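Chains as they are written, first to last, in this note's numbering: chain A, 1 to 337; chain B, 1 to 243. No residue lacks a Cβ here, since even glycine has one placed at the ideal position from N, Cα and C. Computed from a predicted model, the values in this text were never measured in an experiment.
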Amino acid sequence: MKLSKIKLLGVFLGVLALLIFPEIAEAQRMRAAAGGRGGGARPATNRPAPSRSSTARPATNRPVTTSRPAAASRPTSKAANSSSKPTLNGGSNRVTQKTNNASRVTSIKDNKVGNSTNNRLGNNNINSGNKNIGNNNRINIDNSRNVNVNVRNTNNRAYRPPYRPYPRPPYFYGGFGFSCFRPYYYHPYTPFYWGPVYHPWGFFVAAIATTAIIVSIENQKYHYDQGVFYIQEGDGYVVVEAPQGATVKVIPSEAKEVEVSPTVNNYYYGNTYYEKSDGGYTVVPPPAGAVVDALPEGGEEVKVGDQTYVKIGDTYYLPVQVDGKNMYEIAQVEPEN
Amino acid sequence: MIKKICLMLTMALIGFNSYSQENAKDTTAIQILDKMSSIFGELNSVGFKTQVSKDVSFANNFFIKEFVSSQVKIAGPNKFVVKIEGEQKEDKYSYNGSQVAYYSFTNNIYTIADAPDNLIETFDWLYNDFGIEVTAADVLYPSFSKDIVSNMDYIQFLGQTTANGQRVFHIGCSNDSVTIQLWISNDLYFLPVKILITYLGEPYAYQHEVDFFDWEFNQTYPNTIFDFSPPPGARQITWLNQK
């Protein structure tokens, strides 16, 4: 019995010695590991700290970190999903505002269409108002006043018929047949600027050039200067539609030739068509079927069925493409039957 | 004796006449059309896709065929959106209950017009004022089968056949100016699978054919799909009313 107590004490002292001198235990475990088997103790996870020099480590002068920018502020309270809307997330928070779209509709009956001079319906007065039309660098222009004159010439025709028949039936819309020779090819309406001497209909100028000539048609006196017709209004002049039938001696050099038929050409400048005559150049109705490459400002794009025309005054222009170039064909718009 | 002969002739003529009328407007055909119309009358919303082909006069004596596909969502009582893709065009018409907007994806232009406050009046208004015919709008009218019966001289059930891979009822209708053929699905819903309209115009007849697929019923569509917001750079143009 005593012997067993002594053995037990020996074992206790042995264990105590192992606890006090861990290097010994390490050595034993590594061996056991080398043996690979034999139920060696599991390696301890607490490794002894390596001996370090006790000399103080020179402190590197690290710059004091500037205060970090705060993280992008996120809303602390997330949008609740308990909206009254029974949707997935209670409705999204839009960035763009919903727009209130304004209706813009005109009736084909309000326009003078067809080839007659007396079938105008509705009022075509253009109130140029305070619109600042065109380039601000122009001289002698007074935009600060309201002008309300009929800049449209009620005796003008919207077009004159082509010399040859159309190859296909017209497109009927609202009791009118729209006819063109070329297929529709949309391109955006971009008004052409003919230079500082050109002004669109309704434009008011305080004075006109001294070179302006006076043309009288049907008891109306017009002042013509470089492709633009004016009538006197108060203490200034307003640009109006060129009166068909008026003859002028000179047209601007920028006027382009427009083929009306194999034997007839017209001259086109600023939405006015001229035909050469004995006395000079006579203003004529737009020749249906002819094509022009530029339209002035003052027109509006109108959706007619599936197609979009540019309408200037009473004349409809169909966007077309000729030899790869964007052009406009003057449409014939005749009452059905 | 003469009286008896006259009576017999009269009876025979009346009998022949009533026989002709029965044959001219077939009951089976009308019942199928009624069933289809009734189902549409009970729907809260409907969506479908179409493939349309139509003859277009390119020149005198020269018709060409145009193809258009469209995607349609209609929600009662006052919303629809239709996206149309065709040759050189990609358009959308949307109706939010107060306005109809047209937008051309190809040209980035749009039009807006104040519209009536319900679908049926808006379909009528679009057709009468702007010449726009919403695909298959006819079959959505509550009076569709009644209109067919009153406007057509002949309505025939032409039997069962297969169209676009489905078993269908084939119905033909005609009057002096038009022939309409409908292929209606032989299943629980009696939906139009194909409609072929032949206009008997002068000097030539021309056709308009619509195939329907991907039907949806009573889906809840988000209101936003019926709204229109002009994309950046889009230009509003004027819509010419033909009235």
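Do Pro252/A and Tyr269/A have their CB atoms nearer than 7 Å?
yes
Check the C-beta distance from Gln207/B over to Leu196/B and give it rounded, since I have them as a contact under 8 Å.
6 Å
Output the distance between the C-alpha atoms of Gly177/A and Asn164/B, rounded to the nearest integer angstrom.
38 Å
Measure the alpha-carbon distance for Ile312/A versus Ser45/B and round it to whole angstroms.
43 Å
Between the Cα of Asn218/B and the Cα atoms of Lys73/B, Leu119/B, Ser38/B and Phe58/B, which residue gives the shortest distance?
Lys73/B
At a Cβ threshold of 7 Å, is Leu200/B touching chain A?
no
Distance, Cα to Cα, Val105/A vs Trp239/B?
5 Å
Just curious, the beta strand (DSSP E) that Ser103/A is in, first and last residue?
Taken as a continuous stretch (DSSP letters only), Ser103/A belongs to no beta strand (DSSP E), as it is neither H nor E.
Whose Cβ in chain B lies nearer than 9 Å to the Cβ of Thr106/A?
Thr238, Trp239, Leu240 and Asn241
At the 7 Å Cβ level, is Glu300/A part of the contact set with chain B, yes or no?
yes
Between the stretch 94 to 109 of chain A and the stretch 108 to 119 of chain B, do three or more beta carbon pairs fall short of 8 Å?
yes
Look at Ser57/B and Phe67/B and say whether their C-beta atoms are less than 7 Å apart.
no
Does Gly202/A have its Cβ less than 7 Å from a Cβ in chain B?
no
Distance cutoff 7 Å, beta carbons only. Does Asp142/A sit that close to anything in chain B?
Any reading at Asp142/A needs caution, since the residue's pLDDT is 43, under 50, leaving its predicted position unreliable; the model's value is listed next. So, not an interface residue.
Just to confirm, is the Cβ distance from Tyr185/A to Gln97/A under 7 Å?
no
In three-state DSSP terms, what is Arg120/B?
Here residue 120/B turns out to be Ile, not Arg, going by the sequence shown. Ile120/B falls in the helix class under three-state DSSP.
Span separating the alpha-carbon of Pro162/A from that of Arg94/A
54 Å
Cβ of Ser92/A less than 7 Å from any chain B Cβ?
no
Taking Gly244/B as the query, report the chain A residues whose CB atoms sit under 7 Å from its CB, ordered along the chain.
This structure gives no information on residue 244/B, because the portion of chain B shown stretches from 1 to 243.
Neighbouring residues, chain A, relative to Gln71/B (Cβ below 7 Å)
Per Cβ cutoff of 7 Å: no residues; Gln71/B is ~18 Å from chain A at best.
Does the beta-carbon of Glu300/A have 16 or more other beta-carbons within 10 angstroms, so that it is buried, or is it exposed?
exposed
Within 10 angstroms of its Cβ, does Thr65/A collect 16 or more other Cβ (buried), or is it exposed?
Reliability of the predicted coordinates at Thr65/A is poor, the pLDDT of 46 falling under 50, and no value is obtained from them.
By how many angstroms is the C-alpha of Asn107/B removed from the C-alpha of Pro188/A?
7 Å
Measure from the C-beta of Ser57/B to each C-beta in chain A and report whether the shortest distance is under 7 Å.
yes
Assign Thr263/A to one of three DSSP states: helix, strand, or coil.
coil
Neighbourhood of Asn153/A by C-beta distance below 8 Å, restricted to the same chain and skipping five residues each side:
Val240, Glu241, Ala242, Pro243 and Gln244
Just list the beta strand (DSSP E) runs in the stretch 204 to 282 of chain A, keeping only unbroken ones of 3 residues or longer that don't cross its boundaries, in chain order.
213 to 217, 220 to 225, 228 to 233, 236 to 240, 256 to 261, 264 to 269 and 272 to 277
Pro142/B and Gly41/B: beta carbons closer than 7 Å?
yes
Leu295/A by DSSP, collapsed to three states: which one?
coil
Terminal residues of the continuous beta strand (DSSP E) containing Met36/B?
Run containing Met36/B: none in the beta strand (DSSP E); it sits in the alpha helix (DSSP H), Thr27 to Glu42.
Test: Gln21/B CB closer than 7 Å to a CB of chain A
With a pLDDT of 46 at Gln21/B, under the threshold of 50, the modelled position of that residue is not reliable, and the figure given next carries that caveat. Gln21/B does not count as touching chain A.
Could you tell me which chain A residues have their CB closer than 8 Å to the CB of Thr122/B, listed as they occur along the chain?
The contacting residues do not exist; Thr122/B stays about 14 Å from chain A at best.
So Gly289/A and Glu329/A are in contact, right, with Cβ under 8 Å, and what is the actual spacing, rounded?
7 Å
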